[in-house]
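Each remark here refers to the structure printed beneath this line.
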Amino acid sequence: MSDLRVSVSTVDCEVVARSDVVVVGGGPAGVAAAVSAARAGASVTLLERYPALGGLASGGMVLVLDDMANGQEVTVTGIVSEFVERLSAMELVVVPPEEDRRASTETWNRWGRYGVFDFHVATNPKPICYAAAFDPDGWKRVSNDVVREAGVNLRLHSWFSRPIVDDGVMRGVIAETKSGPQAVLADVVIDTTGDIDVASRAGASHVKDSYLTTLVFRLGGVDTDAAERFEQHDPKAARALNRAIKRTLGGAWELWWLKTPIPGVVWCNAPHMTGFDGTDPASLTEAEFAARTKIANAVELCRRTLPGFERAFVVDVAEQIGVRQTRLLQGEYVVTVDDVRDRRHFPDSVARGRDYYTPYRAMLPREVDQLLVAGRHYSATPQAQKMSREIPPCMAMGQAAGIAAALAVDRGTAVRDVPPADIQAAMRKAGADPGDVPSDNAFTAPADVEVDHS
Ligand SMILES: Cc1cc2nc3c(=O)[nH]c(=O)nc-3n(C[C@H](O)[C@H](O)[C@H](O)COP(=O)(O)OP(=O)(O)OC[C@H]3O[C@@H](n4cnc5c(N)ncnc54)[C@H](O)[C@@H]3O)c2cc1C
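Dropping the structure here:
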């Protein structure tokens, strides 16, 4: 980094919208936040830097919804369930039926390669669970539909650049566009950028860390039946070939390819790379180049060696590189690894993941008013975020943030003062589980009581 700095004067820009709520970032959390605020009666503007909605679920081609089941209990509902229903009507999602949600060789052979299993369980085979393999373009279409139907004022191609803060209170945001900087004024701002672009620039406390960076891709022309037959009949040989391919990729989960709703098209959640900074353009440029070389080499190797992949070709490489973690809010409450691992229940829980709970305080910055943070950059330690940042819980947080914002606007109160019980009640009314009622395996003692991990 250079030590050279320049200073520019305050921007003078057109106000293109004035709404009760402005949501910055149109990924899973942002779409859920915008739609839930609008459905609850607020006028909402949604800003997104890219030409399509969906964030990592579409542009980043992250194609399995998981982390929404606690054994047989479905814990993340609400807007995420609507997405599954709408995708199902388009035949662009695969969900294992209830009777197959268990651990057996038979159910594994039927569903394992869709990635719809509980990877937190150590058994072999892992249990099939409530999860969904979906199509990225279908996700964009459903996002468009729900946003339009809710009457959200959507502004794509709008890259948030600076917050408008008045004496510690958010008043709106400025976005860079082809027409120059444009302002949107609002009573409540919801930051769903994934990297707390808004909150960090508004002065909210945060930490910065990184985890795996992955440029995922899809292959077409794959005979998945032949590939699965091969690995079921000769697992030892399949393991050796897959090991070689994963070495070429330089990092991948055990199952480096997964089936998608489109026959013959597989999703490759790889190559995983470490040491990149998801907020630094130079670092991201390097990551894009490094990943494409690994992908080209791996595709060449699997065409040559892996049964079923002889005619495989690259359908697409994600237009958006997969950044899992950058800046994380350190808000009114910071969720810890112990909270997630022990399934600690919070009285102000407003959203759920598989078996853990997210308190409203983890969406509230300490230093800035009228600002909510929802999604993968919520207030957690870096280790805790790694275990609690999947798409469904991010959508649940977004839905809760949208409801909280609309309640604050309606009552003329500060978002910080909205009673969590009212958010919980509104979440339930909207068909979402806020985690107000702890499941049987939750840890319900007060947060200052420690658990024995031995
Ligand atoms: C490779 C990879 C694999 C994963 N695998 C899974 C999986 O199998 N299942 C699962 O459920 N989860 C998985 N995850 C996690 C999951 O994808 C993310 O945690 C989730 O998408 C976060 O949602 P979000 O809305 O918080 O953020 P994002 O999806 O990152 O969305 C943020 C949105 O904000 C926009 N934005 C950002 N900055 C600005 C700005 N300055 N101005 C305007 N707009 C902006 C972005 O363009 C984007 O649309 C994976 C993640 C990665 C990277």
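For the working numbering, add 627 to where a residue sits in the sequence shown, where the first one is 1.
All C-beta atoms in this analysis are idealised placements derived from N, C-alpha and C, irrespective of residue type, glycine included.
Give every residue of the same chain whose Cβ lies closer than 6 Å to the Cβ of residue i, excluding the five residues on either side of it in the sequence, and list them in chain order.
| i | result |
| --- | --- |
| C1021 | P655, A656, G1002 and R1003 |
| V1045 | A1031, L1034 and A1035 |
| Q1026 | A659, S663, G705, I706 and A1059 |
| V638 | P808 |
| R666 | A777 |
Does the beta-carbon of residue i have 16 or more other beta-carbons within 10 angstroms, so that it is buried, or is it exposed?
| i | result |
| --- | --- |
| K921 | buried |
| F761 | buried |
| L714 | buried |
| N869 | buried |
| A659 | buried |
| D1060 | buried |
| E675 | buried |
| K886 | buried |
| G1029 | buried |
| T912 | exposed |
| A914 | buried |
| D1049 | exposed |
| L631 | exposed |
| G1062 | buried |
| A769 | According to the sequence shown, residue 769 is Val rather than Ala. Buried, because 16 or more other Cβ atoms sit within 10 Å of the Cβ of V769. |
| R833 | The amino acid at residue 833 is misidentified as Arg; the sequence shows His. Flag for H833 reads buried. |
| R1038 | exposed |
Looking at C-alpha atoms only, which residue of the options is the closest neighbour of residue i?
| i | options | result |
| --- | --- | --- |
| A664 | A1053, K1013 and D1060 | A1053 |
| P752 | A759, F744 and A758 | F744 |
| V1064 | A1041, A1028 and T985 | T985 |
| R798 | V649, N736, F844 and V635 | V649 |
| D975 | A939, M1024, L933 and Y757 | M1024 |
| K767 | T841, A684, R1038 and I755 | A684 |
| R971 | V635, R740, K805 and D1067 | D1067 |
| V774 | A1069, P1009 and L680 | L680 |
| V942 | G891, V834 and H784 | G891 |
Which whole-angstrom value is the C-beta distance of residue i and residue j, which I expect to be below 8 Å?
| i | j | result |
| --- | --- | --- |
| A1007 | A989 | 7 Å |
| Q997 | V816 | 6 Å |
| T734 | R981 | In fact, because the Cβ distance is near 19 Å, the residues do not count as touching under 8 Å. |
| D794 | R954 | About 24 Å separates the two Cβ atoms, so there is no contact after all. |
| V961 | A831 | About 12 Å separates the two Cβ atoms, so there is no contact after all. |
| P888 | V642 | Not confirmed; about 43 Å, so no contact. |
| T840 | V950 | 6 Å |
Here's a check: name, in chain order, each residue in its chain whose Cβ is nearer than 8 Å to the Cβ of residue i, leaving out the five neighbours to either side.
| i | result |
| --- | --- |
| N780 | A644, S646, S670, V671, T672 and L673 |
Taking a contact to mean a Cβ-Cβ separation below 8 Å, would you say residue i touches residue j in this structure?
| i | j | result |
| --- | --- | --- |
| P862 | G878 | no |
| A1011 | V964 | yes |
| D818 | A826 | yes |
| V651 | V800 | yes |
| A925 | M900 | no |
| G682 | G653 | yes |
| V849 | A939 | yes |
| W880 | I872 | no |
| I755 | P790 | no |
| T750 | A777 | no |
Between residue i and the rest of its own chain, which residues show a CB-CB distance below 7 Å, the 5 nearest in sequence each way excluded?
| i | result |
| --- | --- |
| S1081 | Annotation note: pLDDT 43 at S1081 (below 50); position unreliable, no value reported. |
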